[in-house]
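Encoded as structure tokens, the structure appears first; notes follow it.
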Amino acid sequence: ALDAQILFLKQGQQREPRRFYKYASVQELGPLIDKLKTKACARSREYLVDKMGHLRKLQTNVELFREKHLTKFASLYEFVDKHSPRAALELREFYVESMARALHTLFRSYYTA
Numbered sequence: 007a008l009d010a011q012i013l014f015l016k017q018g019q020q021r022e023p024r025r026f027y028k029y030a031s032v033q034e035l036g037p038l039i040d041k042l043k044t045k046a047c048a049r050s051r052e053y054l055v056d057k058m059g060h061l062r063k064l065q066t067n068v069e070l071f072r073e074k075h076l077t078k079f080a081s082l083y084e085f086v087d088k089h090s091p092r093a094a095l096e097l098r099e100f101y102v103e104s105m106a107r108a109l110h111t112l113f114r115s116y117y118t119a
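Just so we're aligned, residue 7 is where the sequence shown starts under the working numbering, counting upward by one.
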């Protein structure tokens with residue numbers, strides 16, 4: 007829903023910039039939506055890092071966890087990627103590091119068994 011509001015404001019600015027800004031509602035909502043976008047990206051990042059942190063636990067079934075939990079939040083990641091590329095890059099790096107650790111542990115335990 008927030009993504010739709012941001013898109014609406016951007017489209018209005020592109021079509022008729024002078025006329026669009028003379029409305030009081032646009033002047034009030036513009037900064038508010040920017041703050042909401044920033045807060046939503048930050049909270050989404052924290053939430054996804056928390057979810058991906060479960061991959062680092064030894065008893066986690068990696069494939070099942072990816073299918074059941076992480077695929078649910080693909081749209082959340084897309085929102086973060088679209089509006090905060092730096093946070094999306096951090097999430098991607100965290101995920102790659104977590105998966106590398108998990109797979110390394112799995113292969114090591116398989117090799118020693």
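For every residue, glycine included, the Cβ atom is placed at its ideal position computed from N, Cα and C.
All values reported here derive from a predicted model rather than from experimental measurement.
As assigned by DSSP and simplified to three states, the class of residue i
i, result
"TYR53", "helix"
"SER90", "coil"
"GLU99", "helix"
"THR77", "helix"
"TYR83", "helix"
"ALA7", "coil"
"THR44", "helix"
"LYS16", "helix"
Residue-level contact to chain C via CB, residue i, 8 Å cutoff
i, result
"SER81", "Among the chains in the structure shown there is no chain C, since it carries only a single protein chain."
C-alpha gap between residue i and residue j, whole angstroms
i, j, result
"ASP9", "VAL86", "10 Å"
"VAL68", "ALA108", "8 Å"
"ALA80", "LYS74", "12 Å"
"LYS43", "GLU96", "17 Å"
"LYS45", "ASP56", "17 Å"
Neighbourhood of residue i by C-beta, 8 Å cutoff - its chain only, sequence neighbours within 5 removed
i, result
"LEU15", "VAL32, LEU35, GLY36 and ILE39"
"LEU122", "Absent from the structure is residue 122, since the part of the chain shown begins at 7 and ends at 119."
6 Å CB neighbourhood of residue i in its chain, flanking five on each side removed
i, result
"ALA93", "CYS47, ARG51 and VAL86"
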